[in-house]
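Student: Before anything else, here's the structure in question.
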Amino acid sequence: MSDPSANPLAALSELYMKGLAAFQSAAGSPGGGSSDQSGTQGFNPAAMLPGGTPPEVAAALTDAWRISATSALRYGQALMAVQLRYQAALLHAMSDRANGRAAETLVLADDARAFLREIGDTAEREARRLHMELDQVSEALAQALAQAADPADPAKRSYQVKA
Amino acid sequence: MNNNGSGGDVIAALGLTTEMNALGARIAAWLRGCDPEMSEALDWQFRGGSKYFRPLTMFACYRSIMPGPDCGPIPPEVMTAALVVEMMHNMTLVVDDILDRSDTRRGRATMHTKFGELNALMTSGYIVAAGYEQLGGDVLAIRLVSELIKRLGVAECLQWRLRRQVLGVEDWRRIAGEDTGSMFEICACLGDRSGRLRRFGGLLGLLYHGCDDVGDVRGAVALGGGGEADVRDGILTLPAALAIRDPAVGALFTKPEPTDADYANLAAAFAARLPDAEAYLDRIAEEARTEARLFAVDPTPLYALIDQTRGLSR
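Residue numbers (my numbering), protein chains in the order written: chain V, 4 to 166; chain B, 369 to 682.
Here you go:
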């Protein structure tokens, strides 16, 4: 592993992996499993950033870490939900076929295709959600830095971050 | 392609009465500026009683991204795009009516019936060109409207090529998603100006298409038939996709020269699957609600659109 103080990107990568592990550990422990910040108590990603990181940047990266870790967990849960919803029907139909009972190929194929589509939809939806949430952090950071530089500057960014 | 409208109740509930009136005024102003040679046919088409559900979708998407009393009126670029979407929608209706040999629409003669096929075809081309003229330099809208027209053309060819085949609900979903789905996808993008509600729009269009399929069967059953035009053309509607899972119904659906008795049996089989079709539509509505909840700042206007659309089949 490279020296985090010399390589901020490596530090961020290390931070993310440690944070994700802590989050998953917390989520898997009794009383865990929620996707909010309660599972991360005691873990402070900002403390792992190189010294001299501006507080606005540190706060944004902490937010980004939390959002990314929550997204990963949520994605896993959503995939599980899709699999649970379809597995009974698919296994039942396949069992019927294996036992020579009258299984309708079209129904089985349709269910299998719906299952595959929903797997893809789940990934795509979570990716869009993650992208939107990280965009909000990014915009908020840009705005915070612009205001910190010179609040009276008439050329400062004038947009509002969407909720 | 489908053609139902929005009710006054939902327009008032969304607080969009002023905007919809403004759109009506924009359409009237455009009609007044058209070439006199085309005026009578265009007037006939555009004053035929459309309820502007597509523009309403655009305005609701805009409101759901920019909520609150301080967001101001619908911006000019969204209003112009709403005008253009309504123009393009009417162009598709003219072409559809020619292809379907439909004599009437909305209770009055179709354009080709009243003015002849040549006039109807030339007028549809005139509408497309005039629509792009309205968009001026709005590059985003030009790109989206171009996408829409291309996808609608592809969807019609796809639907026709796949007729009278034993296909599944997933195939219906693909066809409907490209047909009505693409229209509402683009409406959402033109309303939110970011693409954030694109998927919501696609699901709303899919719901609209499915409700129209079911409504056709339900309405025809009430009249003693069963969505007869689609049955005779072998179009894969949602009730058809569910019914032909039964091999016996599938055999009838693909029969090269069906008799009147075969059509009647197919219609009855489609009607028998209406409860399953309604349940499937409920699931699509739920998907659309999830999209609205996750990606709109204020999903309330989008929920109203979903409820309005879902009611079309009941």
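Glycine included, each C-beta is placed from N, C-alpha and C at the ideal position.
By how many angstroms is the C-alpha of V/Ser71 removed from the C-alpha of B/Ala497?
Tutor: Those two C-alpha atoms are separated by around 46 Å.
Student: Strictly under 8 Å for the Cβ-Cβ distance: is V/Met83 near chain B by that measure?
Tutor: Answer no: the Cβ-Cβ gap between V/Met83 and chain B never drops below 8 Å.
Student: Under the DSSP definition of a beta bridge, which residues are partnered with B/Arg476?
Tutor: B/Arg473
Student: Quick check on DSSP: helix, strand or coil for V/Tyr220?
Tutor: Residue coverage of chain V in this structure runs from 4 to 166, which leaves residue 220 of chain V outside it and unanswerable.
Student: If we ignore side chains and look at the alpha-carbon of each, how far apart do V/Pro53 and V/Ala61 end up?
Tutor: 10 Å
Student: Answer yes or no: does any C-beta atom of chain V fall closer than 8 Å to that of B/Gly549?
Tutor: no
Student: Using the beta-carbon of each residue, which ones in chain B are nearer than 7 Å to V/Val110?
Tutor: Arg613
Student: Look at the alpha carbon of B/Gln502 and the alpha carbon of B/Ser432, and state the distance between them as a whole number of angstroms.
Tutor: About 25 Å.
Student: What number of angstroms, rounded off, separates the C-alpha of B/Trp540 from the C-alpha of B/Gly549?
Tutor: Distance between B/Trp540 and B/Gly549, taken at the CA atoms: about 12 Å.
Student: Give me the chain V residues within the contact set of B/Leu670, using Cβ-Cβ distance strictly less than 9 Å, ordered along the chain.
Tutor: Going along chain V, no residue has its Cβ under 9 Å from B/Leu670, so there is no contact; the nearest lies around 15 Å.
Student: Compute the distance between the beta-carbons of B/Met434 and B/Val513, then report whether it is under 8 Å.
Tutor: no
Student: Any beta carbon of chain B sitting closer than 8 Å to that of V/Ala145?
Tutor: With 8 Å as the cut-off, V/Ala145 does not count as an interface residue toward chain B.
Student: Going by beta carbon distance, what residues of the same chain come within less than 7 Å of B/Arg469, once the five residues before and after it are set aside?
Tutor: Setting aside the 5 residues that flank it on each side, B/Arg469 has no residue in the same chain whose C-beta is closer than 7 Å to its C-beta.
Student: Where do the N-terminal and C-terminal ends of the alpha helix (DSSP H) with V/Leu52 fall, by residue?
Tutor: First-last for V/Leu52: undefined, no H or E at that position.
Student: At a CB-CB cut-off below 9 Å, which residues of chain B make contact with V/Arg77?
Tutor: Neighbours of V/Arg77 on chain B: none; closest Cβ ~11 Å, over 9 Å.
Student: Tell me whether the beta-carbon of B/Arg678 lies closer than 8 Å to the beta-carbon of B/Leu575.
Tutor: yes
Student: Nearest CA to the CA of B/Gly429: which residue from B/Phe638, B/Leu604, B/Leu384 and B/Phe621?
Tutor: The question names Gly, but residue 429 of chain B in the sequence shown is Cys. Here the closest residue by C-alpha is B/Leu384.
Student: Short of 6 Å in beta carbon distance, which residues of its chain neighbour B/Cys557, apart from the five on each side in sequence? Order them along the chain.
Tutor: Leu512, Gly563 and Arg566
Student: Applying the 10 Å Cβ sphere with the 16-neighbour rule, what's the burial state of V/Leu113?
Tutor: For the sequence presented, residue 113 of chain V should be read as Asp rather than Leu. Label assigned to V/Asp113: buried.
Student: Check B/Pro669 in the structure and name its three-state DSSP category.
Tutor: helix
Student: Could you tell me the distance, in whole angstroms, from the CA atom of B/Arg681 to the CA atom of B/Leu571?
Tutor: Correcting the residue type first, residue 681 of chain B is Ser in the shown sequence and not Arg. Near 16 Å, if we compare the C-alpha coordinates of B/Leu571 and B/Ser681.
Student: With a cut-off of 8 Å, does the C-beta of V/Ala126 fall near any C-beta of chain B?
Tutor: Chain B contact via Cβ: absent.
Student: B/Leu484 and B/Val452: beta carbons closer than 8 Å?
Tutor: First, the residue type needs correcting, since residue 484 of chain B is Gly and not Leu in the sequence shown. Taking 8 Å as the Cβ cut-off, B/Gly484 and B/Val452 do not qualify as a contacting pair.
Student: Does any C-beta atom of chain B lie closer than 8 Å to the C-beta of V/Met97?
Tutor: no
Student: With a threshold of 16 other CB atoms inside 10 Å of the CB of B/Leu391, please say whether the residue is buried or exposed.
Tutor: buried
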